[in-house]
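Following: one structure in structure tokens, then a few remarks.
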Amino acid sequence: MAAEAGMRVNVASLLALGDDTVELLGERKDSEALAQACAGARMLRSACRSESDDLEVQMKVRDELDSLDSQRDSIEQRKEALRKMEKEMMKAQNMLSMCVSVTKIMPNFEDKDKISDIVNKNMKKLERFEFDKTTPPVDISNKLWKMV
41 MAAEAGMRVN VASLLALGDD TVELLGERKD SEALAQACAG ARMLRSACRS
91 ESDDLEVQMK VRDELDSLDS QRDSIEQRKE ALRKMEKEMM KAQNMLSMCV
141 SVTKIMPNFE DKDKISDIVN KNMKKLERFE FDKTTPPVDI SNKLWKMV
């Protein structure tokens, strides 16, 4: 019963509000003002949608620019790493060239399972040699000194 009474009060107040609204809209000036307010609200909603769309585009552009900046930084880092690797490669080649000219031994990098090189004596004669990796380093060193 109490719930029904509360419901009746709400319905009664709702009906009273509806009557007041109809009475308010019944006057000509109020309806024109309401029409102008509705038109203003539509314009405001349209402007807000336009602003929202513009902001969305700006956010997408900013995200794309951030992505491009990070890609550019990544490319710069890779270029720098490549320059360092090329510099290290040049140092290694120069070191190998110096070792070959001093020792007259040219390493053979194709067969990684064996120690094999070419000895160049007096720039005239090439002599190929091979050692197993199980051979003690002292024996390899002694044999190399005898060849050179």
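Residue numbers (our numbering): 41 to 188.
Glycine included, every Cβ here is placed at the ideal spot set by N, Cα and C.
Residue i, DSSP secondary structure in three states
i	result
Glu150	coil
Met47	The pLDDT assigned to Met47 is 47, lower than 50, so where the model puts this residue is not dependable; a value taken from the coordinates is nonetheless given after this. In this structure, Met47 counts as helix in the three-state DSSP scheme.
Inter-residue CB distance, residue i and residue j (contact presumed, cutoff 8 angstroms)
i	j	result
Met146	Phe169	About 11 angstroms; that fails the 8 angstroms criterion.
Entirely within the region 69-116 and at least 4 residues each: give me those alpha helix (DSSP H) ranges in chain order.
-> The region 69-116 contains no whole alpha helix (DSSP H) run of 4 or more residues.
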